[in-house]
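I have placed the structure first, in the form of structure tokens, so that the comments after it can refer back to it.
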Amino acid sequence: MLGSRRFTIGWTLLLVSIARAQAGAPASVTVVRGSEFRTSGGRPVDDTTALKRAVAALNPAERRNTLYLDGSYTVTEAIRVPAGVDVLGGEISRRDGPAVALLGDVGDISFRHVRFRGSKAAVHQHGGRSRHIYFQGCQFVAEGEGPIPSDAKGY
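Read in our numbering, the sequence shown has 5 at position 13, and its numbers run on one by one without any break.
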């Protein structure tokens, strides 16, 4: 019961932040929506460039640190997520490798209610150390398999 209440409060705070940002009022945290960087294109959809541009628009030092995945995104190469970023909601998929890359020394990154689909290695850390990487309410779905919630035993 308490978990669902926290989830509702979290979404309410996110929606208030989005409303304030859209109204031009100062918000404590600025949210970057992935859909703002999408282009309409043909099939198959490749959102790699759109998500790279969305991540580039983040600036944790100026409290512009939340990437809101408002939909399903398909990438053909891993998206590098910098330190101090929160990734919230939606789905990100990649068929032939990890959808997200943590490169070098990174920390204070959270993934909340994100569904990772496709590759068995959803997030890959390479070179350096990763500290304080959090997965809350995430699902990991490998091709041909059902979802594995992030709070399952062994995760």
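Note that CB positions come from ideal geometry on N, CA and C, so glycine has one too.
{"Query": "6 Å CB neighbourhood of R148 in its chain, flanking five on each side removed", "Result": "This structure cannot speak to residue 148, because the chain is shown only from -7 to 147."}
{"Query": "Member of P90, A70, A113, L94 whose CA lies at the smallest distance from the CA of G76", "Result": "L94"}
{"Query": "F29 - partner residues in DSSP beta bridges", "Result": "DSSP, once it has assigned bridges, lists no residue as partnering F29."}
{"Query": "Option nearest R25 by Cα separation, candidates D38, L50, T40", "Result": "L50"}
{"Query": "Distance, V67 Cα to D38 Cα", "Result": "5 Å"}
{"Query": "DSSP state of T68 mapped onto helix, strand, coil", "Result": "coil"}
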